[in-house]
Amino acid sequence: DTSVDTDTSVDTDTSVDTDTSVDTNTADDTGQKPTKTGGLVVFHRYSSYDAWDSRLFMVDLADYSLTALSTDWDIDHAMNAHFSPDGSQLVFMGDQSGGERDWDVFLWTVGSSDPPDNLTEGWGTRDEDPKFSPEGTIVCKSNYDLIEMDTTGSVIAELTTDGASTEQSMPFVTVDGSQVIYAEGAGQTSDLYVVGRDGSDDTVVQGDEDLQEYYPIVRDAETYLFTRWVSATNVHDQVYLGHWDGSPAQGLPLNDEASNESDAFPYGDDAVFVSSTRKGGAGGYDLYVADIESDTVVSLNEWNPDINTALDELGVTFH
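Residue numbers (our numbering): 25 to 343.
Below is the structure:
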């Protein structure tokens, strides 16, 4: 049964609590409602990637209210958001309504009634996967390569330059700002690399030739999160913890090899947000918060029953 609940009405109050302090005791062994915290969660929801119906939503963890962000924006398929270092801005990818079906990078001031700025308008390229650097610049994929630009859309650096011959995507700047981790290739050929901010020292960090490795998210100065297949024959996505010192990556206890676990994002020091297709959810990909050292996984519907739906909830970011 592929029918979905089309009632997408949500609390339209866009005021936000700027207290970003978190209580990292976010999951417990009883599965009860996680402890209230401050901060903001943003994610996207769609019926499928190819349906071009993605919208951005925000959860205020001060009261668990849910707000539809992109409903009135002249932007289609908004997704994959990321907060600026101070939490005041949100960068994301989308498609300008009425135009060609391509991608642009947009910047929105959190809580503003003004629509987002299109930073790559008129470029004529597919501009995707934007992430803020620790200094407040933006790295993204542009025409199959990786670039860095400022918040006005002026290009600062080209990190890769080989064009469509090899696709680079999903860049994320390290905590110290010296490197960018990213995915190269697709499917079984997708591996993770790091490259210097000046485009030098391009090096593979996760490169199993039989497994898809992608969606890297920097966690701290020692570790990063990424998504990897269970095996060459079991292609369910699982969340792994990578180590900058080159130690073997570890699958997190939250993983369920019969479901897809992906798009992990840090939540305090000892938990992550994750999208999962595990049994017992609302349908499709649902959002959970999971302890990083145990198998405790709690649905975000424990916070607000309207967060997870029969559609897919993905691409979470937190500040």
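We treat Cβ as the ideally placed atom computed from N, Cα and C, and that holds for glycine. Computed from a predicted model, the values in this text were never measured in an experiment.
CB of residue i within 9 Å of CB of residue j, strictly
| i | j | result |
| --- | --- | --- |
| residue 177 | residue 190 | no |
| residue 83 | residue 67 | yes |
| residue 332 | residue 306 | yes |
| residue 268 | residue 247 | yes |
| residue 259 | residue 249 | no |
| residue 147 | residue 140 | no |
| residue 126 | residue 158 | no |
Opening and closing residue of the beta strand (DSSP E) in which residue i lies
| i | result |
| --- | --- |
| residue 154 | 151–156 |
| residue 287 | 285–291 |
| residue 171 | 169–173 |
| residue 230 | 227–230 |
| residue 262 | 261–267 |
| residue 68 | 64–70 |
| residue 21 | With the chain running from 25 to 343 in the structure shown, residue 21 is simply not present. |
| residue 238 | 237–242 |
| residue 295 | 295–300 |
| residue 337 | 336–342 |
| residue 165 | 162–166 |
| residue 193 | 192–197 |
| residue 133 | 128–133 |
Cα-Cα separation between residue i and residue j, rounded to whole angstroms
| i | j | result |
| --- | --- | --- |
| residue 235 | residue 215 | 8 Å |
| residue 239 | residue 265 | 12 Å |
| residue 330 | residue 198 | 34 Å |
| residue 196 | residue 155 | 6 Å |
| residue 184 | residue 87 | 43 Å |
| residue 161 | residue 221 | 12 Å |
| residue 318 | residue 281 | 16 Å |
| residue 313 | residue 287 | 12 Å |
| residue 343 | residue 128 | 23 Å |
| residue 193 | residue 152 | 8 Å |
| residue 56 | residue 335 | For residue 56, the pLDDT reaches just 44, beneath the cut-off of 50, and the residue's location in the model is therefore unreliable, although a value from the coordinates is still provided. If I take the Cα positions, the gap works out to 24 Å. |
| residue 339 | residue 261 | 14 Å |
| residue 170 | residue 163 | 7 Å |
| residue 122 | residue 69 | 21 Å |
| residue 181 | residue 166 | 12 Å |
| residue 7 | residue 143 | The chain is shown from 25 up to 343; residue 7 falls before or after that span and cannot be answered. |
| residue 324 | residue 272 | 31 Å |
Near the ligand SAH: residue i beta-carbon under 8 Å from a heavy atom
| i | result |
| --- | --- |
| residue 258 | The model on display carries no ligand, and the ligand SAH is accordingly not part of it. |
Indicate whether the contact test is met: 3 or more Cβ pairs, each with one atom in the region 289–298 and one in the region 224–233, closer than 8 Å.
no
Would you call the region 97–104 and the region 112–128 in contact, with 3 or more CB pairs under 8 Å?
yes
Run through the region 72–124 for me and flag every whole beta strand (DSSP E) of 3 or more residues, listed as ranges in chain order.
79–84, 89–92, 99–107 and 113–120
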